[in-house]
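Contents: one structure, followed by commentary.
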């Protein structure tokens, strides 16, 4: 599966559009990660626990989007966009949405 943010794949012809596909992941951030991130915020530096959570959520959202494109018979996804939101009363939920257009290319 070719996944790209561009509107086409270089040197490949789009022969069919299969529709929009999405991958959504909502991930909770637990107390330990929240505490560690708070220390990073206080002392400065990067929050490794939050970064790892973000990396995993993004990968899961892209994988889900690819799975849905494959179910439509696509072999590529073009125009991919990744969106991030913080949810929950305490802002302790991370939502990642990957979206794009499923296509068949030669």
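In this note's numbering, the protein residues as written are 23 to 128. The beta-carbon is built from N, C-alpha and C at its ideal position, and this holds for glycine as well. A quick note: this is a predicted structure, and the numbers were derived from the prediction, not measured.
Nearest-angstrom Cα separation, counted from residue j out to residue i
i           : j           : result
residue 27  : residue 48  : 22 Å
residue 41  : residue 30  : 14 Å
residue 86  : residue 118 : 11 Å
residue 25  : residue 114 : 29 Å
residue 101 : residue 112 : 33 Å
Delimiting residues of the beta strand (DSSP E) encompassing residue i
i           : result
residue 46  : 36 to 50
residue 109 : 98 to 109
Residue of the options minimising C-alpha distance to residue i
i           : options               : result
residue 73  : 128, 116, 121 and 127 : 116
residue 110 : 35, 46, 33 and 50     : 50
residue 105 : 120, 35, 91 and 98    : 120
residue 103 : 37, 45, 36 and 34     : 45
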